[in-house]
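Chemist:
2 protein chains.
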Amino acid sequence: MSVILKAKPATAAEIAAQLTEAIHEHRLQPGAKLREDEVCDIFQVSRTIVRQALHSLEHKGLVTILRNKGAFVAKPSLKEAREVFETRSLIEPAMARAAALRATPHDIAFLEAHMKAEQDAIDREEVGPALKLSGDFHVQIARIADHHLIETLLKQLVARSALVIALYWRRRNALCDSSSHSSLVNALRDGDADNAEEIMKGHLLDLLMQLDLRDSPTGPVSLRDALKK
Amino acid sequence: MSVILKAKPATAAEIAAQLTEAIHEHRLQPGAKLREDEVCDIFQVSRTIVRQALHSLEHKGLVTILRNKGAFVAKPSLKEAREVFETRSLIEPAMARAAALRATPHDIAFLEAHMKAEQDAIDREEVGPALKLSGDFHVQIARIADHHLIETLLKQLVARSALVIALYWRRRNALCDSSSHSSLVNALRDGDADNAEEIMKGHLLDLLMQLDLRDSPTGPVSLRDALKK
DNA sequence: CTGCGTCAGATCGTATACAATATCCGCTCA
DNA sequence: TGAGCGGATATTGTATACGATCTGACGCAG
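First to last, the protein sequences are chains S and E. Residues in the first sequence are numbered consecutively from 15, following the numbering used here. Residues in the second sequence are numbered consecutively from 15, following the numbering used here.
1) Mind listing the chain E neighbours of residue 40/S? Cutoff is C-beta to C-beta under 9 Å, in chain order.
2) Identify, in the order they occur along the chain, each residue of the same chain with its Cβ nearer than 7 Å to the Cβ of residue 158/E, setting aside the five sequence neighbours on each side.
3) Of all the residues that make up the region 84-114 of chain E, which are near chain S by a beta-carbon distance shorter than 8 Å?
4) Could you tell me whether any Cβ in chain S is nearer than 8 Å to the Cβ of residue 163/E?
5) Could you give the C-beta distance for residue 69/S and residue 128/E, rounded to a whole number, given that I count them as a contact under 8 Å?
6) Tell me the DSSP bridge mates of residue 79/S?
7) Considering just the uninterrupted stretch of the alpha helix (DSSP H) at residue 203/S, what are its terminal residues?
8) List the residues of chain S that residue 70/E touches, going by C-beta distances under 8 Å, in chain order.
9) Measuring CB to CB, does residue 244/E end up less than 8 Å from residue 173/E?
10) Evaluate residue 91/S with the Cβ neighbour count: other Cβ atoms within 10 Å of its Cβ, from every protein chain shown; 16 or more gives buried, anything less gives exposed.
11) In chain E, which residues lie less than 8 Å from residue 66/S when you measure between Cβ atoms?
12) Three-state secondary structure (DSSP) at residue 71/E?
13) Name the DSSP beta bridge partners of residue 48/E, please?
14) For residue 101/E, count the other beta carbons within 10 Å of its own beta carbon; 16 or more makes it buried, fewer makes it exposed. Which is it?
15) Who are residue 225/E's beta bridge partners in DSSP?
16) I'd like the list of long-range same chain contacts for residue 204/S, defined as Cβ closer than 7 Å, with 5 residues on each side in sequence excluded.
17) Going by beta carbon distance, what residues of the same chain come within less than 7 Å of residue 44/E, once the five residues before and after it are set aside?
18) Compute the Euclidean distance between the alpha carbons of residue 36/E and residue 156/E, then round it to the nearest angstrom.
19) In chain order, what residues of the same chain lie with their CB nearer than 6 Å to the CB of residue 30/S, ignoring the 5 residues before and after it?
20) Using only CA atoms, which one of 223/S, 154/S, 144/S, 222/S lies nearest to residue 198/S?
21) Under a three-way DSSP split, which group does residue 138/S fall into?
22) So, residue 3/E versus residue 38/E, is the Cβ gap smaller than 8 Å?
23) Roughly how many whole angstroms lie between the Cα atoms of residue 103/E and residue 109/E?
24) Quick check on the DSSP output: the alpha helix (DSSP H) that includes residue 32/S runs from which residue to which?
25) Residue 63/E and residue 26/E - do their beta-carbons sit closer together than 8 Å?
26) Between residue 82/S and residue 76/S, what straight-line distance do the alpha-carbon atoms span, to the nearest angstrom?
27) Helix, strand or coil for residue 17/S? Go by DSSP, reduced to three states.
28) Is it buried or exposed for residue 61/S, if we count other Cβ within 10 angstroms and need 16 for buried?
29) Here's the rule I'm using: 16 or more other beta-carbon atoms within 10 Å means buried, otherwise exposed. How should residue 184/S be labelled?
30) Grouping DSSP H, G and I as helix and E and B as strand, with all else coil, what is residue 154/E?
31) Taking all protein chains shown into account, decide if residue 80/E is buried (16 or more other Cβ within 10 angstroms of its Cβ) or exposed.
32) Let's test the definition: count the other Cβ atoms within 10 Å of the Cβ of residue 106/S and tell me whether it reaches 16, buried, or not, exposed.
33) Measure how close the beta-carbons of residue 24/S and residue 48/S come, nearest whole angstrom, since I'm counting them as under 8 Å.
34) Where does residue 101/S sit, in a helix, a strand or coil, going by DSSP?
35) Roughly how far, in whole angstroms, is the beta-carbon of residue 74/S from the beta-carbon of residue 170/S, given that I think they are within contact range, below 8 Å?
36) Count the other CB atoms, across all protein chains shown, that sit within 10 Å of the CB of residue 193/S; report buried if there are 16 or more and exposed otherwise.
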C-alpha cells in the first residue's frame with residue numbers, strides 16, 4: 015500500500031479524499047486492510063487524524079470498521095451492490111432531467127472536456143483513472159442540476175459503485191461504454207429533458223447489465239468462511 | 015439542555031442516537047450549540063467519545079461543525095429543505111411500491127400498531143414523540159421493502175425533515191395528516207403496488223405543501239446577522 | 001504428529017494533557 | 001461616548017500515553 019498513495023497532506027479530509035481516490039481507481043482493492051499506524055506513517059500524521067479519516071469513510075460506506083480488528087476497504091455483498099445501482103437508478107434520471115433544464119454553454123464545454131480526458135485515459139489504457147473520470151461525470155450532472163444534497167449522496171454511491179465494479183465486473187478489459195455519456199451531453203445541450211432522463215435511465219441499466227449480480231455465492235468463498243456459523 | 019436529555023449511555027453510537035432523537039422530537043432546536051464539555055457531563059464520558067458522536071451526526075447532516083467554533087444542530091437553508099423533500103420524493107414512492115409487493119401480515123400488524131401509537135401521541139398532544147413516530151413510519155416502509163441502503167439513507171433524510179419542519183412549518187399546532195399513512199397501509203395489505211406508490215407520492219407532496227418554502231429570507235433574521243457582510 | 005494452552009507482540013480503543021484558537025470583558029484613548 | 005485594543009477565560013484541535021483485545025507462535029502433552 016505504501017507505493018499506492020501519493021502522501022503529503024495533513025488533514026483528515028485530505029487523507030479521506032486520497033483514500034477515496036485510491037479506492038475509486040482500484041489501487042485499493044475491496045477487503046484491503048488499512049492499518050492505522052501504516053496510514054500514519056504514509057501521511058505523517060497522528061492516529062487521531064487517521065482515525066477521523068477512517069471513520070469518515072466508514073460513514074460513506076467505503077470502509078468497514080470491525081471493533082478491535084481494524085478498518086478494511088468495504089466489500090459490498092451482492093445485495094448491497096444491487097441496492098447501490100437501484101438507488102442510483104432512482105435519483106440519477108431526475109438529475110439528468112434537471113440538468114437538461116439548467117445546463118449553460120459553460121457546463122456543456124466542461125462536460126466535453128471531461129469526456130475527452132476520459133477518452134484519453136481509455137486510449138492510454140489507464141483503467142483506474144478512466145474509471146474515476148467516468149464516475150465523476152455522473153457527479154457533475156448532479157452539480158449542474160444544482161442539487162447539492164444529491165451531489166453529495168451521489169459521490170458516495172459512485173465511489174461504492176467502483177467497489178462493486180471491482181468485485182462483480184464481468185469483462186475485466188472492457189470499459190464502460192462512453193457513447194451514452196456523449197449522447198447525454200447532446201441531450202443536455204439541446205435542453206431535451208425527456209431524452210436526457212431516458213438516456214440516463216438506460217445508461218444505468220447498461221452498467222447494471224455488465225455486472226454479474228446473480229445470486230451465486232460471493233465469488234470463491236473459503237471453506238472456513240462458509241462454515242463460520 | 016441538561017434537562018432535555020435522558021443521560022446514561024456510554025458509547026458514541028448511543029449518544030448520537032439520543033441526540034438524534036432529541037432533534038427529531040424538537041427538544042433540540044436548529045442552531046442549538048452542542049458544547050463538548052456539556053455533553054461530556056451529561057453522559058459521563060470523555061470528550062473522545064463525544065467528538066465521535068458529533069462527527070457522526072455531522073456526516074448524517076444533523077449537525078454542523080465549524081472549525082474552532084463547535085458543533086451546532088443543523089439549520090437547513092430553504093434550498094437544502096427543498097432538496098431533502100425532493101430526494102425523498104424520488105426514493106420513497108419506489109419503496110412504497112416494493113413494500114406493497116413484500117409486506118407480510120406481520121409487517122402490516124406492526125405498521126398498524128405503529129400508527130396507533132402515533133395517534134395516541136397526537137391525542138395526548140405530545141407533539142415531539144408524534145413527529146418522531148410519524149417519521150419512523152416512513153423508515154419502516156423502506157425496511158419492509160428490504161432495502162437496507164435506502165433505509166439508512168431515509169433515516170437521515172427523515173431526521174433532517176424534522177429540522178426542516180422545526181424551521182418552516184406553517185401551522186404550529188396542526189400535525190401531519192395521518193390518514194394517508196392509514197390508506198398506505200391498506201394499499202400495502204392489498205399488495206396494490208401502483209396505489210401504494212401514488213399514495214406515497216401524494217403524501218410527500220402534502221407534507222411539502224404544509225411547509226413554507228417560498229423564497230423569502232431565511233425566517234426572521236436579526237439586523238446584526240443581516241448586516242454582517 | 002496433532003491439538004491445545006499460554007505468552008509475547010501487534011493493533012485498536014479511550015482518556016488525558018497540552019497547544020491553538022476564539023470569545024468575552026474591561027481598559028484606554030480619541 | 002464609542003471604537004479599538006489587549007489579556008484572561010473558555011472552548012476546540014491534536015498528540016500521546018495507557019489499557020484492552022486480538023493474533024500468531026511456541027512448546028508441551030496426548
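Virtual Cβ for every residue (Gly too), placed ideally from N, Cα, C.
Modeler: Judging by the given coordinates:
1) Ordered by position in chain E, no residue passes the 9 Å Cβ test against residue 40/S, which lies about 22 Å from the chain.
2) 113, 116, 117, 121
3) 93, 94, 97, 98, 100, 101, 104, 105, 108
4) yes
5) Between residue 128/E and residue 69/S the Cβ distance is about 32 Å, and since that is not below 8 Å, they are no contact.
6) 85/S
7) 193-204
8) 69, 73
9) Outside the shown range of chain E, which is 15 to 243, sits residue 244/E, and nothing can be said about it.
10) exposed
11) 69
12) helix
13) 85/E
14) buried
15) 183/E
16) none
17) 87, 88, 89, 177, 180, 181
18) 23 Å
19) 67, 70, 71
20) 154/S
21) coil
22) Outside the displayed range of chain E (15 to 243) lies residue 3/E, so it cannot be described from this structure.
23) 10 Å
24) 26-38
25) yes
26) 19 Å
27) Confidence at residue 17/S is low in this model, with a pLDDT of 40, below 50, so its placement is unreliable and no value can be given for it.
28) exposed
29) exposed
30) helix
31) exposed
32) buried
33) Their Cβ separation, rounded to whole angstroms, is 18 Å, which puts residue 24/S and residue 48/S out of contact at 8 Å.
34) helix
35) 5 Å
36) exposed
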